[in-house]
Amino acid sequence: MESLYLLIPLSILIAAAIAIVFWWFIRSGQSDDLEGPGWRILQDDDSIRSQDEKTRHAAEKNPD
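Under full-length UniProt numbering, residues 1 to 64 are what the sequence shown spells out, in order.
Structure, rendered in structure tokens:
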């Protein structure tokens with residue numbers, strides 16, 4: 001019974017902290033677009049083309 005005097009306020013504080021973090025998470029837009037970055041990786045071709053151009057340019061400079 002005596003431990004409840006400690007555990008109940010402690011659980012209320014933890015629940016309040018979780019609620020505040022969840023509110024901050026929603027307000028800052030962290031969960032607005034969960035699928036966008038995954039699709040962006042699949043549709044990103046610019047890095048491959050720029051790497052090929054750099055390799056070709058380096059090969060033209062160094063004929064070895």
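Glycine included, C-beta positions come from ideal geometry on N, C-alpha and C.
I20 and G29 have their alpha carbons spaced roughly 15 Å apart. C-alpha of G36 to C-alpha of L4: approximately 46 Å in a straight line. In the same chain as R40, and ignoring 5 residues on each side of it, no C-beta atom comes closer than 8 Å to its own. Counting along the chain, S11 sits inside the alpha helix (DSSP H) bounded by residues L4 to R27.
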